[in-house]
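Residue numbers (full-length UniProt numbering): 1 to 66. Structure first, commentary second.
If you want it as structure tokens, here you go:
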């Protein structure tokens with residue numbers, strides 16, 4: 001689903017910025033949130049996206065130094 005702030009998964013309700021989309025495209029959707037699940041799939045997906053974005057940013061900075 002496309003909204004003015006970014007994208008949102010219809011299944012797991014994960015929100016993601018348009019410019020962060022490429023970092024989480026390869027991540028699988030966790031599906032609908034189960035109430036007895038201790039790990040929040042939305043949090044895990046966003047955390048993974050942030051980690052990947054930081055790696056790309058650091059990689060870009062290292063390339064500029066060389």
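Every residue, glycine too, gets a C-beta built ideally from N, C-alpha and C.
### Query
Taking all protein chains shown into account, do 16 or more other C-beta atoms lie within 10 angstroms of the C-beta of residue 51, making it buried, or fewer, making it exposed?
exposed
### Message
Closest to residue 18 by C-alpha separation, out of 7, 24 and 63, would be which residue?
### Response
7
### Separation of residue 21 from residue 90, as counted between CA atoms
What the structure shows of the chain is the stretch from 1 to 66, and residue 90 is not part of that stretch, so it cannot be assessed.
### Query
In this structure, does DSSP put residue 11 in helix, strand or coil?
coil
### Message
Short of 6 angstroms in beta carbon distance, which residues of its chain neighbour residue 61, apart from the five on each side in sequence? Order them along the chain.
### Response
none
### Query
Which partner residues of residue 51 appear in the DSSP bridge assignment?
Bridge partners of residue 51: none, in fact.
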